[in-house]
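Contents: one structure, followed by commentary.
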Amino acid sequence: MLLTSIPSPETGVWNLGPIPLRAYALLIIVGIIVAVWLGNKRYIARGGAPGAILDVAIWAVPFGIVGGRIYHVVTDWQLYFGANGSGLVGAIRIWDGGLGIWGAVAFGALGAWIGTRRLGIALPPVADAVAPGIALAQAIGRFGNYFNQEIFGEPTDLPWGLEISLENRPAGFDEFITFHPTFLYESIWLVGVAVVVIWADRRFTLGHGRAFALYVLLYTLGRGWIETLRIDSANEILGLRLNIWTSIVVGLGALAYLIISARLRPGREILTGQQESVEATKSTESTESTESTESTESTDQASHNGEPGR
Numbered sequence: 004m005l006l007t008s009i010p011s012p013e014t015g016v017w018n019l020g021p022i023p024l025r026a027y028a029l030l031i032i033v034g035i036i037v038a039v040w041l042g043n044k045r046y047i048a049r050g051g052a053p054g055a056i057l058d059v060a061i062w063a064v065p066f067g068i069v070g071g072r073i074y075h076v077v078t079d080w081q082l083y084f085g086a087n088g089s090g091l092v093g094a095i096r097i098w099d100g101g102l103g104i105w106g107a108v109a110f111g112a113l114g115a116w117i118g119t120r121r122l123g124i125a126l127p128p129v130a131d132a133v134a135p136g137i138a139l140a141q142a143i144g145r146f147g148n149y150f151n152q153e154i155f156g157e158p159t160d161l162p163w164g165l166e167i168s169l170e171n172r173p174a175g176f177d178e179f180i181t182f183h184p185t186f187l188y189e190s191i192w193l194v195g196v197a198v199v200v201i202w203a204d205r206r207f208t209l210g211h212g213r214a215f216a217l218y219v220l221l222y223t224l225g226r227g228w229i230e231t232l233r234i235d236s237a238n239e240i241l242g243l244r245l246n247i248w249t250s251i252v253v254g255l256g257a258l259a260y261l262i263i264s265a266r267l268r269p270g271r272e273i274l275t276g277q278q279e280s281v282e283a284t285k286s287t288e289s290t291e292s293t294e295s296t297e298s299t300e301s302t303d304q305a306s307h308n309g310e311p312g313r
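Below, the structure is given as structure tokens:
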């Protein structure tokens, strides 16, 4: 049987008693797990301390989610605070969909910086390690848009056209049934980005944040053309969607960083010292805890023998 279209799911929410399980949230969680797992594996291979990526993620993930939501609400404020908008309650309902990757990356980087500062390790090697994992997390998370029947493209008769129910079609598109599955295009592109970044990192021994910059550059290239297919409402500047302008600016910044960094800092950082630093910190904390326990036991014993504690 030939594929004539891609059907949309009937629902993106399943209820386990009083608890709703939302596909959008579940896919974000799966994406985060994949990103942390792969990032940790790559960071250890570069000489970093095991578990450091998880410690950084504890800061980066919440910051990234909040930042992604803030960017979405600010750039599509009409949906919430315009005429007939859903208001502050709608702006908070993140499980209904709506995360801006640019805000997620910016705020996630801030959270990662805080996490690396607390661990005493450098941010660029961490960013390089997690770059392909972030791309895979985005690829997985995009399927949340599939379950929510959102962020699709223009009408199409292609065999892989996505069926969209009438209530989810924009005004003026009632007579069309199938649309470009831009969520799928972006997911496939992001998997390719992850593969290229991993290959380039090995082939050219990228360091000092260049693997992360390559991920950003490649993603913006794909996001730019995918945005031209989308028909959901969006703010525009000079006839172009805001996200296209953001892709252009961020992509050029990533390209400039790649070129300048390669000239100023060729090669890759050596992380052995960082790993020893983290392990030394943990060892010091363990030693201090042991000494504290021994001191307490000694005091108790002295008290038992009638001697004053020291």
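Residue 4 is where the sequence shown starts when you use my numbering, and the numbers rise one by one after that.
We put the beta carbon where it would ideally sit given N, CA and C, even for glycine.
- Within the same chain, and ignoring the five residues on either side of G106 in sequence, the residues whose Cβ sits closer than 6 angstroms to its Cβ are G70, G71, I73, Y74.
- Annotated three-state conformation of F110 is helix, per DSSP.
- A straight-line Cα-Cα distance of about 36 angstroms links T119 and L82.
- F182 is classed as buried because its beta carbon has at least 16 other beta carbons within 10 Å across all chains shown.
- Burial check for A214: the Cβ neighbour count within 10 Å reaches 16 or more, so the residue is buried.
- Under the criterion of beta carbons closer than 8 angstroms, A142 and S190 qualify as touching, at roughly 4 angstroms.
- Between the segment 189-207 and the segment 127-147, the count of C-beta pairs closer than 8 angstroms reaches three or more; the two stretches touch.
- Across the structure, N43 and A132 are spaced so that their CA atoms are roughly 7 angstroms apart.
- Using a Cβ-Cβ distance cut-off of 8 angstroms, the segment 7-25 and the segment 159-166 are in contact, since at least three pairs of beta carbons, one from each stretch, lie closer than that value.
- In its chain, beyond the 5 residues on either side, S250, V253, G254 have a beta carbon closer than 6 angstroms to the beta carbon of T223.
- Between the alpha carbons of A109 and I61 lies a gap of roughly 16 angstroms.
- With contacts defined as CB atoms closer than 8 angstroms, V64 and I22 fail to qualify as a contacting pair.
- Residue range 22-25 is occupied by the beta strand (DSSP E) that includes P23.
- For L19, the enclosing beta strand (DSSP E) stretches over residues 16-19.
- Listed in chain order, the non-local C-beta contacts of I240 below 8 angstroms within the same chain comprise W248, local neighbours out to five positions each way being set aside.
- The segment 149-157 makes no contact with the segment 111-125, as fewer than three CB pairs between them are under 8 angstroms.
- Residue pairing from DSSP places P158 in a beta bridge opposite F182.
- About 5 angstroms separates the beta carbons of G156 and R233, which is inside the 8 angstroms limit, making them a contact pair.
- Between L57 and V39 a beta carbon distance of about 6 angstroms is seen, short of the 8 angstroms cut, so the two are scored as contacting.
- Runs of the alpha helix (DSSP H) lying entirely within the segment 229-281 and spanning at least 4 residues, in chain order: 245-267.
- According to the DSSP secondary-structure assignment, E166 is paired through a beta bridge with T181.
- DSSP places I9 in the strand class (E or B) of the three-state scheme.
- DSSP, read as helix, strand or coil, puts I124 in coil.
- Annotation: the continuous alpha helix (DSSP H) that includes N151 extends over 146-151.
- Distances from the CA of A48 to each of T208, G20, A26 were compared; the closest alpha carbon is that of T208.
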